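Worksheet for the structure shown next.
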Amino acid sequence: RGLPCAYDYEGAQCETPLSYVPRLFSKFSDKMTFTERVWNLMVKVHEPYYCQVIYSPLIKLATELLKKDVTPVQLFSRSSIWLLRYDFVFEYPKPVMPNMIFIGGINCAVQKSLPK
130 RGLPCAYDYE
140 GAQCETPLSY
150 VPRLFSKFSD
160 KMTFTERVWN
170 LMVKVHEPYY
180 CQVIYSPLIK
190 LATELLKKDV
200 TPVQLFSRSS
210 IWLLRYDFVF
220 EYPKPVMPNM
230 IFIGGINCAV
240 QKSLPK
């Protein structure tokens, strides 16, 4: 969940401890075995390589528009508030900063039954 490479948490200067916060592409829960924690660390170590591929067109565009070199973390750190479309009930426990607000289920509405 969240942005690939955890740039949302890095931009907000929020820690994501690898011991119990699973990385985006790892598919682990918050109760990891030692082997899963090592694998989670390896995913974190390799993230900069594939994140560079994912974000390079966007960073190139941002550099052209802003007329200065920028990084994804610099762009995301300029946010005053983060509206996270997660429901804290379904998320694994993890640290969040005071400017990160969970708004999960904001678009849920009572559905009408289908006509027969």
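The sequence shown maps to residues 130 to 245 in our numbering.
Note that beta-carbon positions come from the ideal geometry of N, C-alpha and C, so glycine has one too.
The structure displayed is predicted, hence computed values, not measured ones.
Contact annotation: V172 and S155 have beta-carbon atoms nearer than 8 Å.
Under the DSSP assignment, I183 falls in the alpha helix (DSSP H) whose first and last residues are 163–195. With a 10 Å radius around the Cβ and a threshold of 16 neighbouring Cβ atoms, A238 comes out exposed.
Around the C-beta of G140, 16 or more other C-beta atoms lie within 10 Å, and the residue is accordingly described as buried. Here DSSP, grouped into helix, strand and coil, assigns F205 to helix. Ranked by how close their Cα comes to the Cα of L187, the residues V174, E176, F205 have F205 in first place.
According to the DSSP assignment, D137 belongs to the alpha helix (DSSP H) that extends over 136–140. Listed as beta-bridge partners of L213 by DSSP are F231. Considering only R214, Q181, P222, the residue with the shortest C-alpha distance to I235 is R214. A residue is called buried once 16 or more other Cβ atoms fall within 10 Å of its Cβ, and D216, having fewer, is exposed.
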